[in-house]
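For the sequence shown, the positions run 1 to 318 when full-length UniProt numbering is used. C-beta: ideal position from N, C-alpha, C; glycine also.
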Amino acid sequence: MDGIVAVTYRCNCRCLMCETWRHPSRPEAEIAPQLLEKLPPLVRLNVTGGEPFLREDLDRILSIVKRKAKRVVISSNGVLTDRTLRVMSRHRDVGVRISFDGMSATHEAIRGVPGIHHRALETLRGLKSLGIRDLGIAVTVSDQNAGELVDLYRLARREGVELATAILHNAYYFHKTDNRIEDPAVVQAGIEPLIDAYLASSSPKDWFRGYFTRGLVEHLHGRKRLLKCTMARDSFFVDPFGLVRPCNVMDHPFGNLNDESFEALWTGARADKARRRVECCPENCWMIGSVGHLMRRRIWEPFAWIATRKWLKRREEA
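Here it is as structure tokens:
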């Protein structure tokens, strides 16, 4: 099982696609670290926000969740360089993904913070100097940055880190419902060269990222997901107040860790109702939190796509 825990809705960015920063959680209302002891054994846990490094007790949170999950990855905007390096110096076995929503000017325009590209890059390099190996940059693909995806891939390669992708979407805690791709054809034109770059890599992990990124194209055009969503069965989302939901898109909590054990809420009637909602969910989203565990479980499907795509590419070049 995989999990996502948003430890705060406080944020120090002013992103165009998210207004969580206008509705911050109060520090005293945020989930207590000890409640995370209730989490079940996990394969992968993503610690996110808001901006997780705004939590003064993130050090303690990481100490707890590392005992719960085989792999822990933090999603961060990279602004708080000194604090990030101080915390991560004690947790070098935890992964970090730093947001880069384009090259310098584009990234600053989308994130609303002057100088954020330089600061995020400084944070990334500082983490690398600590010896942290599970590092990457993450981009939310939109009309504004689709033309810079290959540039971001090259940046990741130069820095010796991974590039992860997501597509512009809505989530209940964004406090926005109008995020959408205006020109799918133009965005696809930016995504396809990135897929080719992934598949041309010598890294099998990149090949599978190519498959995942192909799923973004299917999503762009409203087509059926490559793999059926199983959120609330194989994965879950915990918000900063302890509420457990199927994912970070559906606003259908089925219990609170403040009130009961994870096992009790996971097997309860409200959880069953949430699973039925997932079965008929209209969002058709495609995000690594709802796809990664499926790619591992049904590895033959992405592998078949990779083999076919590589074979076709060789034929084109012959």
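{"Asked": "What is the DSSP secondary structure of Ile116, counted as helix, strand or coil?", "Found": "helix"}
{"Asked": "Do you know whose CA, among Leu220, Glu28, Val217, lies nearest Phe241's CA?", "Found": "Glu28"}
{"Asked": "Return the residue from the list Asp239, Thr106, Trp305, Gly126 that minimises the CA-CA distance to Gly204.", "Found": "Position check: residue 204 holds Pro in this sequence, whereas Gly was assumed. Taking only the C-alpha atoms, the option nearest Pro204 is Trp305."}
{"Asked": "Is the Cβ-Cβ distance between Ala166 and Leu216 less than 9 Å?", "Found": "yes"}
{"Asked": "Measuring only the C-alpha atoms, how far is Thr8 from Val47?", "Found": "10 Å"}
{"Asked": "What residue range is occupied by the uninterrupted beta strand (DSSP E) comprising Thr165?", "Found": "162-167"}
{"Asked": "Leaving out the 5 sequence neighbours to the left and right, which residues in its chain are closer than 7 Å to His107 when beta-carbon positions are compared?", "Found": "Phe100, Asp101, Ile116, His117"}
{"Asked": "Is it true that the CB of Ile137 sits closer than 9 Å to the CB of Leu16?", "Found": "no"}
{"Asked": "For Leu194, which option in Arg157, Thr230, Leu227, Tyr173 has the closest C-alpha, if you only look at C-alpha atoms?", "Found": "Arg157"}
{"Asked": "Does the beta-carbon of Asn284 have 16 or more other beta-carbons within 10 angstroms, so that it is buried, or is it exposed?", "Found": "exposed"}
{"Asked": "Mapping the DSSP letters down to three states, classify Gly95 as helix, strand or coil.", "Found": "strand"}
{"Asked": "Whose C-alpha, out of Leu149, Ser202, Tyr198, Ala105, is nearest the C-alpha of Val186?", "Found": "Leu149"}
{"Asked": "Would you give the residue range spanned by the alpha helix (DSSP H) that Ser290 belongs to?", "Found": "288-297"}
{"Asked": "Give the DSSP-derived three-state secondary structure of Gly255 in the structure shown.", "Found": "coil"}
{"Asked": "Give me the DSSP bridge partner(s) of Ser235.", "Found": "Asp2"}
{"Asked": "Span of the beta strand (DSSP E) holding Leu135?", "Found": "135-141"}
{"Asked": "When the distance is taken between beta carbons, is Phe174 closer than 9 Å to Ile288?", "Found": "no"}
{"Asked": "State buried or exposed for residue 329, treating a residue as buried only when at least 16 other CB atoms are found within 10 Å of its CB.", "Found": "Residue 329 is absent from the structure shown; the chain starts at 1 and stops at 318."}
{"Asked": "Going by the beta-carbon positions, is the gap between residue 372 and Leu168 smaller than 9 Å?", "Found": "Residue 372 is absent from the model: the chain starts at 1 and stops at 318."}
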